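Presented below is the structure to which this report refers.
In the numbering used here, the protein residues as written are 15 to 130.
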């Protein structure tokens, strides 16, 4: 499974960005997709997660501001709509795909910087 992420950038506080991640390869093995982030000097953390049956999970600090979705009929593309961005959202964001038996795949990171 390969993951291609895009959509990061520099945005002012209160602004919005949308990240996208498209997977290819043996996608039939994938049960869930999600986004993690890692800020400088901090551990990687789960931001949002969506399962094959559209169950969603969010980091508490992004609830109400971020939305994860899959709109591709094949469920091969996941989006993370990020609104009302804060400086503390600054991090490298990583796309993740996982199987039911615990295998994980990672995309390349995309930098999100929230700064005035």
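Backbone N, C-alpha and C define an ideal beta-carbon position, used for all residues, glycine too.
If you're wondering where the values come from, they're calculated on a predicted model, not measured in any experiment.
On a CA-only basis, which of the options is nearest residue i? Give me that one, please.
| i | options | result |
| --- | --- | --- |
| residue 39 | 57, 119, 50 | 119 |
| residue 79 | 73, 97, 72 | 97 |
| residue 50 | 93, 24, 66, 15 | 93 |
| residue 57 | 16, 105, 122 | 105 |
| residue 91 | 30, 15, 35 | 35 |
Hey, residue i and residue j: beta-carbon distance below 8 Å or not?
| i | j | result |
| --- | --- | --- |
| residue 110 | residue 48 | yes |
| residue 100 | residue 61 | no |
| residue 112 | residue 64 | no |
| residue 107 | residue 81 | no |
| residue 53 | residue 66 | no |
| residue 31 | residue 121 | no |
How is residue i classed by DSSP in three states: helix, strand or coil?
| i | result |
| --- | --- |
| residue 126 | strand |
| residue 15 | coil |
From what residue to what residue does the beta strand (DSSP E) around residue i run?
| i | result |
| --- | --- |
| residue 131 | Since the first and last residues shown for the chain are 15 and 130, residue 131 lies out of range. |
Check your understanding: What beta strand (DSSP E) runs, 3 residues minimum, are completely inside the region 39-105?
Key -> 46-52, 59-65, 70-72, 80-83, 91-96
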